[in-house]
Amino acid sequence: MDNLFNDIVEISDKLLNKPISTYERFLLNELLEIETKVVGIYGSRGVGKTTMLFQLAKKLPYKKDEIVYISCDYPYFSELSLFELVKYFEKYGIKCFLIDEIHEAKDFQKELKLIQKHQGIMNSPIAKVRIDYTQYRVRGKYIKTPQLKSYFLAL
63 MDNLFNDIVE
73 ISDKLLNKPI
83 STYERFLLNE
93 LLEIETKVVG
103 IYGSRGVGKT
113 TMLFQLAKKL
123 PYKKDEIVYI
133 SCDYPYFSEL
143 SLFELVKYFE
153 KYGIKCFLID
163 EIHEAKDFQK
173 ELKLIQKHQG
183 IMNSPIAKVR
193 IDYTQYRVRG
203 KYIKTPQLKS
213 YFLAL
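Shown next, in the form of structure tokens:
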């Protein structure tokens, strides 16, 4: 795992230090204000989600060695548990994980189905722990409009 860690950090450093577009989408500032631990962004291919992740990395209040960018379409991740990988990286001081192309991650579809059904406490195919999926049920002020529902699910 140490070699894998070093490879991922090296690739991440190269990508995070590449020059990026100076154009910033409105969502970037909103992401900087969110206090939640997990944020999901979805959209069509080529609209700038990856670029926004790189811009976010430069603006977050973390040191360079506390952020790692992971793209799940790399062959490294075909059989790895993202949860185990994140736990391993935390031991080395990584505090922020920017995960791209998560739909390529192992068991992602199973996890997404559990989130969409929000039927109770179940074993997570990705995290390998029990999760209360009822917490993913849209509630409160977020049920008023389709935009608010989408916003709740993205958080």
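So the sequence shown is numbered by my numbering: it starts at 63 and just counts up by one. Ideal Cβ positions, reconstructed from N, Cα and C, are used throughout, including at glycine.
C-beta contact flag for residue i and residue j at 8 angstroms
i, j, result
"D232", "Y138", "The structure shown does not extend to residue 232, since the chain is modelled only from 63 to 217, so the question has no answer here."
"G182", "Y195", "yes"
"N100", "L93", "According to the sequence provided, residue 100 is Val. The question's Asn does not apply to it. The answer is no: Cβ separation not under 8 angstroms."
"I156", "E173", "no"
"A119", "L144", "no"
Residue i burial status per 10 Å Cβ neighbour count (16 or more: buried)
i, result
"M114", "buried"
"L176", "buried"
"Y85", "exposed"
"L147", "buried"
"N79", "exposed"
Pick from the options that is closest to residue i, judged by C-alpha positions
i, options, result
"R107", "K126, I188 and H165", "H165"
"K125", "G202, I188 and D75", "D75"
"K121", "H180, P208, K211 and L90", "L90"
"I70", "D127, K190 and R192", "D127"
Through-space distance from residue j to residue i, alpha-carbon basis
i, j, result
"I73", "K206", "43 angstroms"
"L160", "F67", "15 angstroms"
"Y88", "E95", "It should be noted that the sequence gives Phe, not Tyr, for residue 88. Those two C-alpha atoms are separated by around 12 angstroms."
"E141", "D169", "9 angstroms"
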